[in-house]
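Working notes for the structure below.
Number of protein chains: 2
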Amino acid sequence: MNIRTEIIAVGSELLLGQIVNSNAQFLSKELAELGMNVYYHTVVGDNPTRLEQAIKIAKERSNIIIFTGGLGPTKDDLTKETISKSLGKELIFDQAALESIEQYFVQTKRIMSENNKKQALVLDGSYILKNDYGMAPGMALEVDHTIYMLLPGPPSEMKPMFQNYGREYFQNQLGFQEKIISRVLRFFGIGESQLETDIQDIIDEQINPTVAPLASEGEVTLRLTAKHVDEEVANQLLNELEQKIHARVGEYLYGYEQTTLAQELKTLLIDKQKTISAAESLTGGMFSEQLTALEGSSQFLKGSIISYSNEMKAQILNVSKQTLDEYGAVSEQCAKEMAEQVRKISNSDIGISFTGVAGPEPHEGQPVGTVFIGISIKDSETKIYPFHFAGSRKGIRVRTVKYGCHYLVKLLSEIE
Amino acid sequence: MNIRTEIIAVGSELLLGQIVNSNAQFLSKELAELGMNVYYHTVVGDNPTRLEQAIKIAKERSNIIIFTGGLGPTKDDLTKETISKSLGKELIFDQAALESIEQYFVQTKRIMSENNKKQALVLDGSYILKNDYGMAPGMALEVDHTIYMLLPGPPSEMKPMFQNYGREYFQNQLGFQEKIISRVLRFFGIGESQLETDIQDIIDEQINPTVAPLASEGEVTLRLTAKHVDEEVANQLLNELEQKIHARVGEYLYGYEQTTLAQELKTLLIDKQKTISAAESLTGGMFSEQLTALEGSSQFLKGSIISYSNEMKAQILNVSKQTLDEYGAVSEQCAKEMAEQVRKISNSDIGISFTGVAGPEPHEGQPVGTVFIGISIKDSETKIYPFHFAGSRKGIRVRTVKYGCHYLVKLLSEIE
């Protein structure tokens, strides 16, 4: 069977721009993992005529049609009634759904209306998808070689219903024997086009597992997806592919799945039992904010000094007057002193400094994008990393912090 | 003319669920404001045959068709070429677009490829929508009583293009006589349901202007929208409505349109020529980061101390040992000393402190959500604001910073 899936979202609130169609995104991701091709998303309002038209079009071009929305108590039977009409299938009461709705009203001590009762109406002959987080049940049925699935609109009900019952329905109905496993590799310090160039032949020759690159905010991720009836073999396929990629661009790989550079830094700091403090100038607290956003950060972050003015650099960080006069605040020398001083003042194992020009105006004769990161580790020579970033004030600050985390992760990984 | 608008997004990344169709939401909101009915959203992949089919369907049911995506350099001419074919309109080079693309490559010292040049191809006879944030121009044209508009996919290019040029095109082309003017009022310190209760009768009785509330991250906004052929009258309608709202909940109004509490604080600090510094504990740099994200922040922010450990509080901020031992770090007394000390150390006019428990664990016997904000202004008595927030670590930190800005704005507004 050549799978051609269409997702139809029903709801005028989508057409008015009051909400974004996050259901379509969620389902598309899930369906991609199942190996089901999605060819169309459609959004149509709470209007029976236009919905009927949309169903007619979908029937012609798709063989799996998934509806979200239009099952709730206010515009309750719109989707169900229109589909009922389009497919010539009657609506009947589902006893289990009716009981679960009644139970809900008893539990919440509210009074059940006739409208609520109508939520238990289902398409005759359909397979019921239980709603563990709401009242309207979902349903699925096959008519004339086309599968129809009806899901509720609220994401809090739709997502668990699909994950717990919808996926399984498709797997059984379409006779999927294969398990699908994904792994996300996260890279930093290499541009998207460079990474793609470095592994282009791998991307091109892969069919199973597949490799999908995605770039955002200076980071690149690769999603590897393997299919096999044996989960262990699927995992083995991912391992082999990862090794190949590792041999090419492994030095830029910093983590897996949903991790962040700050998260990896946290793990290493705790693992190596090191404390850290930061002297932040152009980043203005962004580095410290990202670390303290993580639970348990008081274990490793002693604190930081945001030395935005030269006065603060001199008086609190004890950066020498000579350095500020001779080299300026945006200099290798200043970055070095800031990192060393903040480490000493806070009595930490590691001190990191960020100084530079975020813009929009140049500073002390240095162009926008000039950045120095200093890292001082107890009993080691202080390291200085110079940069010339392009981009907006925000982009420069964000990349500065990411590079700081990146080099800390590198240096910490090398420590015994 | 009975307007029936359809938005067609082109891009396989949408069908794979890698991104959400936020463009459709944005455009729907804009079109609703213009009074244009949106009846369908369609998403189709980077596939000429299926795109052609989608265009055919759209032509039959819609008379305004807006495309997003498929203008970029990698899958460059998909949307343009398919539309060119569907409408029988040739693609020709637009001289202005070509020059602007060439200029971009000169500026960024990069080499222009043939693919980049193709971005300057436009549909013959179309009205060009300038791209101020990228290379591919947008375009609009009318064929057989149907208006086609092509917009780029990246929201950072599409949104300003539509707001600056697309809206105007529709207003002229559709001969809208009425001007539509919106004004967003921003509130802080009052919950959404309380604000709605306080002005429910105003919301209910309004037809022109309309009032639409929206809540996010502890803030509430009201969007007032007036329509009138005379722009001055429309503005007058907004003024009258704003006055009515002001009489009820004016004390919580802090700004208009896209401003933020940090932005308002910046304006006041510059206006009153005051400098500030912060002692941040639970917020870990978030307050300072928000201020330094704004251009020109070195005018008013001297710097900050992130005293995450008690050691830092004692040694750098000089919080007395007695306070830390007797009252603890999460106390009114500690907040007071932190605010006063950071102001003195940094030689600023204002010192603000944040201390509290962001969670997930209680700290020094204080429950999660306990927060103290201290504000020390030169020659004034230090003010302490205690809070008991509910919610996540992130939510507690975000609201703490917002309340800090909120009280600073209040206090600064009262200063001569």
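Listed in order, the protein sequences are those of chains W and G.
Heads up: the first sequence is residues 1 to 416, going by the UniProt record's numbering.
Heads up: the second sequence is residues 1 to 416, going by the UniProt record's numbering.
From the three backbone atoms N, C-alpha and C, an ideal C-beta is built for every residue, glycine too.
Annotation: G/Leu241 is outside any beta strand (DSSP E); the continuous alpha helix (DSSP H) that includes it extends over Glu231 to Val249. Following the DSSP letters along the chain, one finds G/Leu14 inside the alpha helix (DSSP H) bounded by residues Ser12 to Leu15. Chain order gives the chain W residues near G/Ser307 as Gly303, where near means a beta carbon separation below 8 Å. Not a single CB atom of chain W sits nearer than 7 Å to the CB of G/Val106.
Nearest in C-alpha terms to W/Val342, of all of W/Arg186, W/Val368, W/Val330 and W/Ile375, is W/Ile375. W/Ile57 has a beta carbon lying within less than 7 Å of a beta carbon in chain G. Under the 7 Å criterion on CB atoms, G/Glu295 is classed as interfacial with respect to chain W.
At a Cβ-Cβ threshold of 7 Å, W/Ser304 and W/Glu289 do not count as neighbours.
For the 7 Å CB-CB criterion, W/Arg223 and W/Ser193 do not form a contact.
In chain order, Thr146 place their CB closer than 7 Å to the CB of W/Lys59, counting only its own chain and leaving out the 5 sequence neighbours on each side. Excluding sequence positions up to five before and after W/Lys266, its CB lies within less than 6 Å of the CB of Leu294, all in the same chain and listed in chain order. With 16 or more other CB atoms across the displayed protein chains lying within 10 angstroms of its CB, G/Tyr308 is buried.
In the structure shown, W/Gln341 adopts helical secondary structure according to DSSP, grouped into three states. With at least 16 other beta carbons inside 10 angstroms of its own, G/Met135 counts as buried.
Note that the C-beta distance between W/Gly17 and G/Gln25 is below 7 Å. Under a criterion of Cβ atoms nearer than 9 Å, the residues of chain W adjacent to G/Tyr39 are, in order, Leu15, Val44, Gly45, Asn47 and Arg50. With fewer than 16 other CB atoms across the displayed protein chains lying within 10 angstroms of its CB, W/Gly88 is exposed.
When DSSP reads this structure, W/Lys227 sits in a beta bridge with W/Ile180. W/Leu253 is bridged by DSSP to W/Phe187.
Contact between W/Thr210 and W/Thr225 holds: their C-beta atoms lie close to 5 Å from each other, under 8 Å. The three-state secondary structure of G/Ser113, taken from DSSP, is coil. For G/Ile345, the residues of chain W that pass the 7 Å Cβ criterion are Ile316, in the order they occur in the chain. Gln18, Ile19, Val20, Asn21, Ser22, Ala24, Gln25, Phe26, Leu27, Ser28, Lys29, Glu30 and Leu31: these are the residues of the region 18 to 31 of chain G whose beta carbon lies less than 9 Å from some beta carbon of chain W, given in chain order.
In the assembly as shown, G/Met112 is an exposed residue. Its beta-carbon has fewer than 16 other beta-carbons within 10 Å. The region 78 to 86 of chain W makes contact with the region 46 to 58 of chain W; the number of CB pairs closer than 8 Å reaches 3 or more. Counting the other CB atoms within 10 Å of its CB gives G/His228 a total of 16 or more, which places it among the buried residues. Listed along the chain, the chain G residues whose CB falls inside 7 Å of the CB of W/Pro360 are Glu295. Relative to the Cα of W/Gly365, the nearest Cα in the group W/Asp379, W/Thr400, W/Gly328 and W/Gly70 belongs to W/Gly328. For the 7 Å CB-CB criterion, W/Leu282 and W/Leu291 do not form a contact. In the structure shown, W/Glu81 adopts helical secondary structure according to DSSP, grouped into three states. A straight-line Cα-Cα distance of about 54 Å links W/Thr370 and W/Ile64. In the three-state reduction of the DSSP assignment, G/Thr68 falls in the strand class, which pools E and B. For G/Gln53, the chain W residues whose C-beta falls within less than 8 Å of its own C-beta are Arg61, listed in chain order.
Judged by DSSP secondary structure, W/Phe372 falls within the beta strand (DSSP E) whose first and last residues are Thr370 to Ile377. Taking a cut-off of 8 Å for Cβ pairs, the region 401 to 415 of chain W and the region 170 to 186 of chain G do not touch, as fewer than three such pairs fall below it.
Secondary structure remark: continuous alpha helix (DSSP H) runs of at least 4 residues inside the region 18 to 47 of chain W, in chain order: 22 to 34.
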